[in-house]
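Notes for the one structure printed next.
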Amino acid sequence: MRYLKIFILFSFATLLVASCGKKNSGGGGTPTPPPPSGPTILKDASSIPVGIGVDYSPMKNNAAYSSLVKAQFDRITPGYQMKHGANVKNDGSFDFTGCDDLVNTAQNAGLTIHGHTLAWHANNNASYLNSLSAATGSNLLLNPGFENGYTNWFTQVSSTAPTSGTISLETTDVQSGVQAAKIVVNTPGPNAYSIQIVSDNFSVTSGTAYQLKFWAKAALNGQSVRAVAQGNTYYTQQDQPLTTAWTQYTFNFIPSENAVSIKFHFPNAGNFLIDNLTVLQLSATLDAVLVKNAFKNWITTVVTRYKGKVTGWDVANEVVVDGTGQLRTSSTSSQTGSDIFYWADYLGRNYIDSAFKWANAADPTAKLFINDYNLEIDNRKLDSVIKIINDLKAAGIPIHGAGLQMHISINTSNAGIDNAFQKLAATGLLIHVSEMDVRVNPSNASPFTATPALLDQQAAKYKYVAESYFRNVPAAQRYGITVWSLTDADSWIVTALGKQDAPCLFDAGYNKKVAFTEFIKGLQ
């Protein structure tokens, strides 16, 4: 009873204080919500890794974005920066500048990295891959090695200030023959072409692929030249950094006219030597051996480069088509575009086997995954992916995990989610929810507003996926759950597909949605 009296007196005093406090409030104000009870950081909510699919630009340039990623998540999956198209240039060489920067940023923040992706039909440098055919015929250039000086070539050092340089012939340090082109740029001109050498025009067939090969070197590593193929209106270029050793470089082009010339522009200061050029027509049919070599070189190079830094890779991505469960090729898939290249068209089903073998050889410590979407709604596709998994295991090919992208909506069947987890867990592989988002506007209504009721349904679905994962995937097989895109404004559904939606855990202002609250409950 003593405690009750004390409580009543305390309550009365509290009311008096509150009443006095209202005197100048102008009508009350919004009450302060109680502090959250339980974890408010995703990576602290569970023993499994919680990842996020990130974009390079905001990770580098947007402090609010990068700070939230670092605060909330254990792991990142680069959305684009580790793909073929981001790192392979038109001549097949590599430029990992952005990828290196993103990896270093993640490591410095204590984030682990899941690599995405080695073998996919999209986001490739298809221009380069489609040039992998044998060069045929005779050299279309006259005087290609400068053995007759600059006959059949035009040279220019502009008189427009501040241009300063010389064009001459080198007779000692040559790649072949007795002469090479020598260009010294003391001061670059106002235009890239202020200092240039230009071949005579030669005949080509519009719409046909051609390949320029040339040998070059510079006085300093990194000094670059610009190779150009140009007609009356057709123009394409490739900036080529050089080394101090004679090296052969490749430049592929498809003219839209029937006559072009080859030009070399020198927009940067330096000393340059060029020799032994060829321009040949490429055959209409790609060479499977060249495709295989390029494929192996890509996988071996990128996996080796990030060995010990990337803990897992999506090796084979979206290899099965919806509905039929067939292998994805240009015949079974309708997807087209400038970045589309179907490896299976040239290498067959074995391209999957080869990709896993090469990745494992490059980094035996990395976990290797097959990754696909719609496995929670398409049982035939799910069974086809499982068959590929079992075939790889039976052949002794290293595969460690299966990724369910889990691009779902508020209407996705919970039973389908359970079924996908159960069937894939039965393979014994690690299971990764690899790209999760939950659409609230799957019917693509326009205009659209995400109402509180829809956001509550979204929250329930996020929570259900997490709970189903823990319920159906044994602890030893839980690789983690990765959500795809940080905020609703960043979502690929909004930016790439152009849909009106709000599929993420954070809104456009980096505020936690109710989905965040429920998802974190599901992770516990």
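Each position in the sequence shown, counted from 1, maps to that position plus 404 in this note's numbering.
Cβ coordinates follow ideal geometry from the N, Cα and C atoms, glycine included.
According to the neighbour-count rule (16 or more other Cβ atoms, all chains shown, within 10 Å of its Cβ), is residue i buried or exposed?
| i | result |
| --- | --- |
| residue 583 | buried |
| residue 891 | buried |
| residue 912 | exposed |
| residue 642 | buried |
| residue 693 | exposed |
| residue 485 | buried |
| residue 910 | buried |
| residue 451 | exposed |
| residue 754 | exposed |
| residue 621 | buried |
| residue 763 | buried |
| residue 727 | exposed |
| residue 572 | exposed |
Sorted by chain position, which residues of the same chain lie with C-beta nearer than 7 Å to residue i's C-beta, five sequence neighbours on each side aside?
| i | result |
| --- | --- |
| residue 759 | 522, 523, 703, 719 and 720 |
| residue 415 | Note that residue 415 has pLDDT 36, beneath the 50 cutoff, so the model's placement of it is unreliable and the number below is only indicative. For residue 415, where only same-chain residues beyond five positions count, there are no Cβ hits under 7 Å. |
| residue 870 | 885, 923, 926 and 927 |
| residue 413 | Confidence in residue 413 is poor, its pLDDT being 31 and thus under 50, which makes the residue's placement unreliable; the coordinate value appears in the next sentence. No residues qualify anywhere along the chain. |
| residue 430 | Legend: pLDDT at residue 430 = 35, less than 50; position of this residue unreliable, value from coordinates given subsequently. There are no such residues. |
| residue 834 | 771, 804, 805, 881 and 883 |
| residue 734 | 746 and 749 |
| residue 418 | For residue 418, the pLDDT reaches just 36, beneath the cut-off of 50, and the residue's location in the model is therefore unreliable, although a value from the coordinates is still provided. Nothing listed; no residue qualifies. |
| residue 809 | 775, 776, 777, 838 and 839 |
Are residue i and residue j closer than 9 Å when you measure CB to CB?
| i | j | result |
| --- | --- | --- |
| residue 868 | residue 818 | yes |
| residue 554 | residue 596 | no |
| residue 710 | residue 517 | yes |
| residue 591 | residue 569 | yes |
| residue 611 | residue 564 | no |
| residue 843 | residue 889 | no |
| residue 885 | residue 841 | no |
| residue 679 | residue 618 | yes |
| residue 836 | residue 716 | yes |
| residue 805 | residue 756 | no |
| residue 476 | residue 506 | no |
| residue 546 | residue 603 | yes |
| residue 608 | residue 566 | no |
| residue 793 | residue 831 | yes |
| residue 559 | residue 519 | no |
| residue 829 | residue 876 | yes |
Expressed to the nearest angstrom, what Euclidean distance is found between the alpha-carbon atoms of residue i and residue j?
| i | j | result |
| --- | --- | --- |
| residue 662 | residue 670 | 26 Å |
| residue 493 | residue 788 | 34 Å |
| residue 589 | residue 650 | 19 Å |
| residue 471 | residue 498 | 30 Å |
| residue 780 | residue 674 | 58 Å |
| residue 645 | residue 629 | 7 Å |
| residue 464 | residue 714 | 19 Å |
| residue 900 | residue 723 | 21 Å |
| residue 697 | residue 542 | 25 Å |
| residue 459 | residue 887 | 13 Å |
| residue 857 | residue 864 | 11 Å |
| residue 562 | residue 668 | 14 Å |
| residue 647 | residue 821 | 54 Å |
| residue 531 | residue 491 | 13 Å |
| residue 503 | residue 509 | 10 Å |
| residue 557 | residue 700 | 39 Å |
| residue 398 | residue 795 | In the structure as shown, the chain starts at 405 and stops at 928, and residue 398 therefore has no counterpart that could be examined. |
| residue 904 | residue 855 | 13 Å |
| residue 695 | residue 725 | 22 Å |
| residue 732 | residue 740 | 12 Å |
| residue 639 | residue 730 | 40 Å |
| residue 919 | residue 599 | 60 Å |
Within its chain, find whatever has a CB closer than 6 Å to the CB of residue i; leave out the 5 residues flanking it on each side and keep chain order.
| i | result |
| --- | --- |
| residue 574 | 584, 586 and 677 |
| residue 539 | 615, 684 and 686 |
| residue 402 | This structure does not reach residue 402, given that the chain is present from 405 up to 928, and the question cannot be answered. |
| residue 533 | 745 |
| residue 489 | 527, 528, 529 and 743 |
| residue 434 | At residue 434 the pLDDT is 36, less than 50, meaning the model places this residue with poor confidence and gives no usable figure here. |
| residue 606 | 544 |
Within a Cβ cutoff of 8 Å, which residues of the same chain sit near residue i, ignoring the five residues on either side of it in sequence?
| i | result |
| --- | --- |
| residue 616 | 631, 633, 654, 655, 656, 657, 666, 681, 682 and 683 |
| residue 511 | 517 and 713 |
Where do the ends of the alpha helix (DSSP H) carrying residue i lie?
| i | result |
| --- | --- |
| residue 871 | 856–876 |
| residue 502 | 501–512 |
| residue 791 | 783–798 |
| residue 749 | 747–751 |
| residue 757 | 754–766 |
How is the beta strand (DSSP E) around residue i delimited, first residue to last?
| i | result |
| --- | --- |
| residue 837 | 834–843 |
| residue 498 | Premise fails: residue 498 is in no beta strand (DSSP E) and is neither H nor E. |
| residue 801 | Element bounds for residue 801: n/a, residue is neither H nor E. |
| residue 603 | 599–603 |
| residue 587 | 584–591 |
Chain C beta carbons: is any one of them nearer than 9 Å to that of residue i?
| i | result |
| --- | --- |
| residue 474 | Judged by its chain identifiers, the structure shown contains no chain C, having just a single protein chain. |
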